[in-house]
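The listed protein sequences correspond, in order, to chains A and B. Numbering-wise (my numbering), the first sequence opens with residue 726 and increments by one. Numbering-wise (my numbering), the second sequence opens with residue 726 and increments by one. Inspection log for the structure reproduced underneath, given as structure tokens.
There are 2 protein chains.
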Amino acid sequence: MARVATTTDAFNAVAEPRRRQILDVLAGGERPVTDLVTELGLAQPQVSKHLKVLREVGLVDVREQGRQRVYRLNGRPLQPIHDWVRQYERTWNERFDSLDELLEELKEKEKRDENSGE
Amino acid sequence: MARVATTTDAFNAVAEPRRRQILDVLAGGERPVTDLVTELGLAQPQVSKHLKVLREVGLVDVREQGRQRVYRLNGRPLQPIHDWVRQYERTWNERFDSLDELLEELKEKEKRDENSGE
DNA sequence: TTGATATATTCCTATATGGGTATATAATCC
DNA sequence: GGATTATATACCCATATAGGAATATATCAA
Numbered sequence: 726m727a728r729v730a731t732t733t734d735a736f737n738a739v740a741e742p743r744r745r746q747i748l749d750v751l752a753g754g755e756r757p758v759t760d761l762v763t764e765l766g767l768a769q770p771q772v773s774k775h776l777k778v779l780r781e782v783g784l785v786d787v788r789e790q791g792r793q794r795v796y797r798l799n800g801r802p803l804q805p806i807h808d809w810v811r812q813y814e815r816t817w818n819e820r821f822d823s824l825d826e827l828l829e830e831l832k833e834k835e836k837r838d839e840n841s842g843e
Numbered sequence: 726m727a728r729v730a731t732t733t734d735a736f737n738a739v740a741e742p743r744r745r746q747i748l749d750v751l752a753g754g755e756r757p758v759t760d761l762v763t764e765l766g767l768a769q770p771q772v773s774k775h776l777k778v779l780r781e782v783g784l785v786d787v788r789e790q791g792r793q794r795v796y797r798l799n800g801r802p803l804q805p806i807h808d809w810v811r812q813y814e815r816t817w818n819e820r821f822d823s824l825d826e827l828l829e830e831l832k833e834k835e836k837r838d839e840n841s842g843e
């Protein structure tokens, strides 16, 4: 098998830097494709193809307006990424003071002790 | 060109679900490869290859212990992902009450107005 | 109708990948 | 030393990219 499809989930869709750029632009408000083309300095077909991927994972919505397709950001599919990464925040952040994180720490220690006794 | 290399950054390394699984296990404390093999139910060479990718982006560190290689999580490379995704939190979260986010909102509106007048 | 503009789709190609399998390497035990 | 255990690497293969280029499709303008 090859790599997981880019359209599998937001994790994969967003791994491509161009697609993150597109979302970053759309974060500033909805845009027709041509705007994205000029702002990204990418060829039009490539932009359309990236938009297709983003559409398939639900990260953007389209609205037809004359001959233009206006794309709008929909961040919801990013939430699973946020949730997953957030669990690791304490691994790079010194301060972990909430009760929640303290409990996480304890669970970690438990598992570590279990494991070292083999 | 093909897809961006998995070893380019944490975004790409972590897009593969198996590698997220590995990190999830390592979040419970450092582990030798064999433990990961049994916990993931994956073949040993595959695990080693995934670990190599994770090593190359700095998401894990290794420590030699006899004939074992004990892998340990290093979450720091995840921070850019966290930072990027966090900017989109308001797109799925109803409550955005901080001044910071309010300013973001205003900037957004500005750009949107600029854009609609064309 | 003809032409121009906006966007999507198709075809091409090079490339990296992920799993499978076999093997290399190294440490440990007898 | 020889056997076993732990891990990494090499090789093969099917596959899905991402960009490039050309073209299809649709809408608007004159």
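Every residue gets a Cβ at the ideal spot worked out from N, C-alpha and C, and that includes glycine.
Next item on the list: Check the C-beta distance from Val762 (chain B) over to Val772 (chain B) and give it rounded, since I have them as a contact under 8 Å.
Entry: 5 Å
Margin query: Across the segment 792 to 806 of chain A and the segment 787 to 800 of chain B, are there enough close Cβ pairs to call them in contact, namely three or more that are closer than 8 Å?
Written below: no
Note to self: Once DSSP output is grouped into helix, strand and coil, what is the label at Asp786 (chain B)?
What the structure shows: strand
Note to self: Could you compute how far the alpha carbon of Arg728 (chain A) sits from the alpha carbon of Gly791 (chain A)?
What the structure shows: 38 Å
Next item on the list: Could you tell me whether the Cβ atoms of Glu764 (chain A) and Val750 (chain A) are closer together than 8 Å?
Entry: yes
Check: Given Ala738 (chain A), which residues of its chain have a CB within under 7 Å of its CB, disregarding the five upstream and five downstream residues?
Finding: Thr731, Thr732, Arg744, Val778, Leu779, Val782 and Leu784
Notebook entry, point to check: Is the distance from the Cβ of Leu803 (chain A) to the Cβ of Tyr813 (chain B) below 8 Å?
Noted result: yes
Next item on the list: Can you say whether Asp760 (chain A) is buried or exposed, counting buried as having 16 or more other CB atoms within 10 angstroms of its CB?
Entry: buried
Check: Is Pro757 (chain B) closer than 8 Å to Gln793 (chain B) when the C-beta atoms are compared?
Finding: yes
Margin query: Taking 8 Å as the threshold (beta carbon to beta carbon), is His807 (chain A) in contact with chain B?
Written below: yes
Margin query: Using the three-state DSSP reduction, which class does Arg792 (chain B) fall into: helix, strand or coil?
Written below: coil
Next item on the list: Could you tell me which of B:Arg815, B:Thr816, B:Asp808 and B:Trp817 sits nearest to Trp817 (chain A), measuring between CA atoms?
Entry: B:Asp808
Next item on the list: Spell out whether any CB of chain A is found under 8 Å from the CB atom of Glu813 (chain B).
Entry: The question names Glu, but residue 813 (chain B) in the sequence shown is Tyr. Yes - at least one Cβ of chain A is within 8 Å of the one on Tyr813 (chain B).
Notebook entry, point to check: Under 8 Å between C-beta atoms, does Gln771 (chain A) make it to chain B?
Noted result: no
Item checked: CA nearest to the CA of Ala735 (chain B), picked from B:Val810, B:Ile806, B:Arg815 and B:Ile747 -> B:Ile806
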